[in-house]
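For the sequence shown, my numbering begins at 947 and goes up steadily by one.
Working notes for the structure below.
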Amino acid sequence: MKKVNLFFRCAADKIKKKFFKAEKNDISHACVELQNLEAESKLTADEKEREEYAQNYNITTRWQTV
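And the structure:
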């Protein structure tokens, strides 16, 4: 749902930028956030395994030291 909202905000900002050039528009961070979400979702299987291993390692070692 967040991705859809960012997409619509980004599209609206691009339309405003195209048709209202005389007005100063704020810099939209929606497009940047959308690109970051897409980059994060394109993780390979190896990267996902590494992240899962790191999370599991951190959780288990935390309890071993207590």
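Idealized CB from N, CA, C, for every residue including glycine.
Look at the beta carbons and you see the region 975-982 not touching the region 995-1008: under three pairs across the two are nearer than 8 angstroms. Separation of the CB atoms of L983 and K949 is rounded to 6 angstroms, and the pair is thereby assigned contact status at 8 angstroms.
Boundaries of the alpha helix (DSSP H) harbouring F965: K948 to F965, taken from the DSSP string. For I961 and I1005, the gap between their C-alpha atoms comes out near 46 angstroms. Leaving aside the five residues that flank A985 on each side, none in its chain has a CB nearer than 8 angstroms to its CB.
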